[in-house]
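Novice: Positions in the sequence shown are counted from 1; adding 18 to them yields our numbering. We put the beta carbon where it would ideally sit given N, CA and C, even for glycine.
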Amino acid sequence: PAKEAPTAAAVAAPTATAVPVAAHAPAPATEAPAKSGANGAPTNGATAAAELAGATTVASSGPLFQEDSPEVKARKEMNRREFLTYAWGGALGLLTLQAGVGMFFFMMPRFKAGEFGGVFFIGPESALPPTSAPPDPFVAGKFWLVNTEDVGPKALYMVCTHLGCLYKWEQANNRFECPCHGSKFTREGFYIEGPAPRSLDTFVISIEGGEVAVDTGKKELGAPSADSPARAVPA
19 PAKEAPTAAA VAAPTATAVP VAAHAPAPAT EAPAKSGANG APTNGATAAA
69 ELAGATTVAS SGPLFQEDSP EVKARKEMNR REFLTYAWGG ALGLLTLQAG
119 VGMFFFMMPR FKAGEFGGVF FIGPESALPP TSAPPDPFVA GKFWLVNTED
169 VGPKALYMVC THLGCLYKWE QANNRFECPC HGSKFTREGF YIEGPAPRSL
219 DTFVISIEGG EVAVDTGKKE LGAPSADSPA RAVPA
């Protein structure tokens, strides 16, 4: 009988030869050393990893207080109120202290008697110089004491009303003259001529119980030079 010819696929496919493969045994798993858990029972590595994962989950579950929680809002509101309360209390306390200090200095005399800014006791009224006597200088009180026929004793401030120079009494001319710019004043302190804008300033004089006192803490400005009755050149 005729043999069948081999097919092309059978001719083309090489014959596979089975090669025995050595079986590799898996490496024995290394057993982690046993550890003691929280309750003292031994735990292996898997159990410790599970416990660590659980602890991490609890720790990262979120903050105890949220920013918009009622507890945080109440705490912030309380801090704001406390701050405003303390601020108002401090301001009121400072104002009260300032008022008390101001009242204390207002009630207490600022200057002692006999020093400039205080009261000078001249003596009895009967001891005043006559109205024809030259002015009497009181250097400590910075005033000239003069007795006049019209208004009685006057205390003339020693400073010129022009630029603050110290004027002098010129007995030969029977008047006050300023050596700086030439302003002139009568014995009573009225403006005569010169650049001074007004007559001489005076201190308040009081007579109580026959005693004459000059308060150098109370100054009265002289009348404008245009209103002076002794003005040499009419305004």
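Taking 9 Å as the threshold (C-beta atoms), are Pro142 and Val230 in contact?
Specialist: The count along the sequence shown starts at 1 and reaches residue 230 at position 212. The count along the sequence shown starts at 1 and reaches residue 142 at position 124. The answer is yes: Cβ separation under 9 Å.
Novice: Rounding to the nearest angstrom, what Cα-Cα distance links Ile223 and Trp162 in this structure?
Specialist: Here the question's residue 223 lines up with position 205 in the sequence shown. Here the question's residue 162 lines up with position 144 in the sequence shown. Between the alpha carbons of Ile223 and Trp162 lies a distance of about 12 Å.
Novice: So, with DSSP's three-state summary, where would you put Phe161?
Specialist: Start at 1 with the first residue of the sequence shown, and residue 161 comes out as number 143. It is a strand residue.
Novice: Cα-Cα, which of Arg249, Pro242, Gly227 is closest to Phe139?
Specialist: Here residue 139 refers to the residue found at position 121 when the sequence shown is read from its first residue. For Phe139, the nearest C-alpha among the options comes from Gly227.
Novice: To which residues of the same chain is Cys196 closer than 6 Å at the C-beta, ignoring the five residues directly before and after it?
Specialist: Looking up residue 196 in the sequence shown gives position 178. Here the set comprises Cys178, Cys183, Tyr185.
Novice: Just how far apart, CA to CA, sit Thr11 and Gly107?
Specialist: Coverage of the chain is limited to positions 19 through 253, which leaves residue 11 absent and any answer about it impossible.
Novice: Using DSSP's beta-bridge definition, name the partner residues of Asp245.
Specialist: Residue numbering aside, residue 245 sits at position 227 when the sequence shown is read from its first letter. DSSP lists no partner for Asp245.
Novice: Note down the Cα distance separating Arg193 from Arg205, rounded to an integer number of angstroms.
Specialist: By 1-based counting over the sequence shown, the position of residue 193 is 175. By 1-based counting over the sequence shown, the position of residue 205 is 187. Taken atom to atom, the span from the alpha-carbon of Arg193 to that of Arg205 is near 5 Å.
Novice: Quick one: grab the DSSP three-state call for Phe83.
Specialist: To locate residue 83, count along the sequence shown from 1; it is residue 65. Since pLDDT at Phe83 reaches only 49, below the 50 mark, its modelled position is unreliable, and no value is offered.
Novice: Measuring straight from C-alpha to C-alpha, what distance separates Asp219 and Ala145?
Specialist: On the sequence shown, residue 219 is found 201 positions in, with the first residue counted as 1. On the sequence shown, residue 145 is found 127 positions in, with the first residue counted as 1. Cα to Cα, the separation comes out at about 24 Å.
Novice: Check this for me: beta carbons of Thr234 and Gly159, under 9 Å apart or not?
Specialist: Indexing the sequence shown from 1 puts residue 234 at position 216. Indexing the sequence shown from 1 puts residue 159 at position 141. Taking 9 Å as the Cβ cut-off, Thr234 and Gly159 qualify as a contacting pair.
Novice: Flag this pair as yes or no: are the beta carbons of Ala241 and Arg216 separated by less than 9 Å?
Specialist: As a working mapping, residue 241 is identified with position 223 in the sequence shown. As a working mapping, residue 216 is identified with position 198 in the sequence shown. The answer is yes: Cβ separation under 9 Å.
Novice: I'd like the list of long-range same chain contacts for Thr166, defined as Cβ closer than 7 Å, with 5 residues on each side in sequence excluded.
Specialist: Here residue 166 corresponds to residue number 148 of the sequence shown, with the count starting at 1. So the list reads Thr149, Lys172, Glu206, once near-sequence residues are dropped.
Novice: Which of helix, strand or coil does DSSP assign to Thr114?
Specialist: Mapped onto the sequence shown, residue 114 falls at position 96. Reduced to three states, the DSSP call for Thr114 is helix.
Novice: Just to confirm my understanding: we take Lys202, look at its own chain, exclude 5 residues before and 5 after, and list those with CB closer than 6 Å. What are they?
Specialist: As a first step, residue 202 is located in the sequence shown; it is residue number 184 there, counting from the start. Contacts found: Arg193, Glu195, Ile210, Glu211, Gly212.
Novice: With DSSP as the reference, please indicate the residues paired to Pro142 in a beta bridge.
Specialist: One-based indexing of the sequence shown puts residue 142 at position 124. DSSP lists Glu229 as partners of Pro142.
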